[in-house]
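Quick note on full-length UniProt numbering: the sequence shown kicks off at 1 and runs consecutively.
Virtual Cβ for every residue (Gly too), placed ideally from N, Cα, C.
Accompanying notes for the structure given below.
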Amino acid sequence: MAIALRFAATPPRLAAPIPPTSAPRAHGGVARVGAQGGTRRGRRLAMAAADSARCQAKREGDGDGVLAGVAVHGGTRVEGEDQLSVVMKFGGSSVSSAARMKEVAGLIQAFPEERPVVVLSAMGKTTNLLLLAGEKAVGCGVTRVSEIEEWNMLRDLHIKTVDELGLPRSVAKLDELEQLLKGVAMMKELTLRSTDYLVSFGECMSTRVFAAYLNQIGVKARQCDAFDIGFITTDDFGNAEILEATYPAVAKRLHGDWIRDPVIPIVTGFLGKGWKSGAVTTLGRGGSDLTATTIGKALGLREIQVWKDVDGVLTCDPNIYPNARTVPYLTFDEAAELAYFGAQVLHPQSMRPAREGDIPVRVKNSYNPKAPGTLIAKGRDMDKVVLTSIVLKSNVTMLDIVSTRMLGQFGFLAKVFSIFEDLGISVDCVATSEVSISVSLDPSKIWSRELIQQELDHVVEELEKIAFVHLLQQRAIVSLIGNVRKSSLILEKAFHVLRRIGVNVQMISQGASKVNMSLIVHDSEAKLCVEALHQAFFEGEGDGDGDGDDRLMAEFDEENLRLEL
Ligand SMILES: Nc1ncnc2c1ncn2[C@@H]1O[C@H](COP(=O)(O)OP(=O)(O)O)[C@@H](O)[C@H]1O
Ligand SMILES: N[C@@H](CC(=O)OP(=O)(O)O)C(=O)O
């Protein structure tokens, strides 16, 4: 196996750290300049822009109610009481029952000075249940739809929830959903397009129930379907991309509605409208985070909050190793890399709008709102940062591709990658030498779908026309997200730990992102690696034999301690 290690050029210096704030801040009525208007000149420009937009809105009689107080997508803005101020996104784990919805309503009420846009996911595991119910409906026959276990589970959950919240059962759209499942059973067919429509019921139901509950307790709210308020996407059902036109459209709609009638918008996460088909699309699993950051950028909001069931982004997946700790600060780049390499806590694309709009993202725990959470922003002081988080992506397939031709030939890499492009397969990690290339393949073209064997056979067949190919399955990528300026320190320590536990690394890759070093190991050893690396980097354990290794560990512990202080 060829091992190649590519080091990045000198990383850029990042900006000063951002002061922590443990709870959303109030602004009263004082105009505040957003992140991009931080300088005096910026502030003057922002004021001028706001004034001119206000004048224009006045001149135009505020036609359809838009831009009265300047809501600029991704641009400088001035915040006042006529503006929505934050996004609060609550994931499925935060709204999994009536009790949880009451808690979330309490959280929104706890910050009366905020003017939030609320984004909700489907309740609990509803999306999974809808997908399974749809699959079963295809083969079960119309008369047996009512027996589908997953349909019964999600129907019972929604009925119990509306009953406990004291709402009419009709709020939950369950009849419509049952009709749809019967339609699928009748047609004996579920396309990607109809799957998205089916799955959209999860968010359509949770938002309707929650908005009705807020109104019932006297907090004025308006339910909004993302596909009706300007979320315009590609027509890639199951994994649609948000198009640029979304930003002005969403800003116009949400801001206009707010000016006309300032009640809290409760927006369906995860959904959009295909620009050609006009049909409902979904943004890939976990896509409500992306809905939230898109709204944040569209309206140029002060902060995007994503409320989860953990105390923020953690040093590793707590399901893999429960001693995981909260990471207090992250840059957008670190968070994006972490999400892309498999940390389920954030949608892989969700950092993009936040980064482009320079809107800080706060990851909070709806079960423990006092915990400060994680603040994700453009820059942070990286001087004392060594390792930030360890991410594991399992069930990865690797290909070792060795050229059949002589050294020094050109175009080999181009040929290899054009084959991947033609077959629509995305590559995660790459390591190259003169005559060989090792790649790991993204196990999912569509977020949760595994690369199927036929596709793999096809890739190998194509590559074998130009190279010797070895297919290696059941591998795992252990990604070390950290300060690449300390890459030697990180790798020295990591390899020391891995040698100690007897694990052989099969490939190393360090991308240009400057925050991620990826090690490929066998799947069966991956969990052990994460545990041992976590203990060494975050729990201060050497191997205890009192030699230089322990001194190295002590040096690391000292650095980490300084960081914590
Ligand atoms: N590095 C990590 N930090 C925090 N949570 C993680 C991490 N890796 C995986 N997770 C998992 O992600 C879950 C939160 O994400 P998700 O289920 O999408 O939340 P929600 O549905 O509330 O948006 C946690 O419960 C945790 O099990
Ligand atoms: N309900 C969708 C979208 C989503 O974002 O969910 P969550 O926020 O619970 O991860 C899903 O399960 O993929």
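Collapsed DSSP secondary structure at residue i in the structure displayed
i, result
"E434", "coil"
"N483", "coil"
"R362", "strand"
"Q349", "coil"
"P248", "helix"
"A476", "strand"
"N504", "coil"
"N319", "coil"
"K273", "strand"
"Y329", "strand"
"T161", "helix"
"Q223", "strand"
"M517", "strand"
"D236", "coil"
"R59", "Residue placement at R59 is flagged as unreliable, the pLDDT there being 31, under the threshold of 50; the coordinate-derived value follows with that caveat. Looking at R59 - three-state DSSP - the assignment turns out to be helix."
"I446", "With a pLDDT of 37 at I446, under the threshold of 50, the predicted position of this residue should be treated as unreliable, though the coordinate-derived value follows. In the structure shown, I446 sits in coil (DSSP, three-state: anything other than H, G, I, E or B)."
"A377", "strand"
Proximity test, residue i beta-carbon vs ligand 1 heavy atom, cut-off 7 angstroms
i, result
"L314", "yes"
"K527", "no"
"D333", "no"
"G141", "no"
"G286", "yes"
"G479", "A quick correction: the sequence has Ser, not Gly, at residue 479. Not so, every heavy atom of ligand 1 lies at least 7 angstroms from the Cβ."
"N395", "no"
"N368", "no"
"P328", "no"
"N319", "yes"
"K364", "no"
"S200", "no"
"V263", "no"
"S389", "yes"
Residue i CB to nearest heavy atom of ligand 4 below 7 angstroms
i, result
"Q344", "Ligand 4 is not part of the structure shown, which contains ligand 1 and ligand 2 as its ligands."
Own chain partners of residue i with C-beta closer than 6 angstroms, once the 5 adjacent residues on each side are dropped
i, result
"residue 566", "Only positions 1 to 565 of the chain appear in this structure, which leaves residue 566 out of reach."
"M88", "P116, V118 and Q305"
"E464", "none"
"H458", "none"
"A245", "I232"
"Y367", "D309"
Cβ neighbours of residue i in the same chain (closer than 7 angstroms, five flanking residues each side left out)
i, result
"W258", "L84"
"A240", "T233, T234, G272, G274, T281, T282 and L283"
"F201", "L130, K173 and L177"
"I481", "E334, E337, L338, T388, S389, V391, V515 and N516"
"E189", "V138"
Closer than 7 angstroms: residue i CB and nearest ligand 2 heavy atom
i, result
"E241", "no"
"G91", "yes"
"S403", "no"
"T127", "yes"
"residue 582", "A question about residue 582 goes unanswered here, because the residues of the chain that appear run from 1 up to 565."
"G272", "no"
"D289", "yes"
"S121", "yes"
"G269", "yes"
"E176", "no"
"E135", "no"
"E303", "no"
Same chain, Cβ closer than 8 angstroms to residue i, neighbours up to 5 away in sequence not counted
i, result
"V145", "A137, W151, E178, L181, K182 and A185"
"L423", "E455, H458, V459 and E462"
"T291", "K89, V119, A226, F231, V267, T268, G269, F270, L271 and L283"
"R325", "L314, T315 and F538"
Beta-carbon separation (whole angstroms), residue i vs residue j, contact threshold 8 angstroms
i, j, result
"M398", "M507", "7 angstroms"
"S389", "A467", "The pair is not a contact, with the Cβ atoms about 35 angstroms apart (cut-off 8 angstroms)."
"G359", "T294", "Just to set this straight, residue 359 is Ile in the shown sequence, not Gly. Not quite, the Cβ-Cβ distance comes to about 11 angstroms (not below 8 angstroms), so this is no contact."
"A536", "V497", "5 angstroms"
"L441", "V427", "6 angstroms"
"H347", "G287", "6 angstroms"
"G91", "K125", "Contact doesn't hold; Cβ gap of about 11 angstroms is too wide."
"T331", "R260", "Rounded, the Cβ-Cβ distance is 38 angstroms, inconsistent with contact."
"E356", "K393", "The Cβ separation is near 26 angstroms, so there is no contact."
Could you say if the segment 98 to 114 and the segment 216 to 223 meet the contact criterion of at least three C-beta pairs nearer than 8 angstroms? Between the segment 98 to 114 and the segment 216 to 223, the count of Cβ pairs shorter than 8 angstroms is three or higher; the stretches touch.
Are at least three pairs of beta-carbons, each pair with one atom in the segment 366 to 383 and one in the segment 302 to 316, less than 8 angstroms apart? Under the 8 angstroms Cβ criterion, the segment 366 to 383 counts as touching the segment 302 to 316, having at least three qualifying pairs.
Per the contact definition of three or more C-beta pairs closer than 8 angstroms, is the segment 408 to 422 in contact with the segment 483 to 492? Two segments are said to touch when three or more pairs of C-beta atoms, one from each, lie closer than 8 angstroms; by this definition the segment 483 to 492 does not touch the segment 408 to 422.
Should the segment 272 to 284 be regarded as contacting the segment 191 to 209, the criterion being three or more beta carbon pairs within less than 8 angstroms? Yes: the two stretches touch, three or more of their Cβ pairs being nearer than 8 angstroms.
Does the structure place the segment 117 to 133 close enough to the segment 162 to 176 that three or more beta carbon pairs sit under 8 angstroms? Below 8 angstroms, too few C-beta pairs join the segment 162 to 176 and the segment 117 to 133 to call them touching: fewer than three.
Inter-stretch contact at 8 angstroms, needing at least 3 Cβ pairs: the segment 495 to 503 / the segment 522 to 529: Touching, yes.
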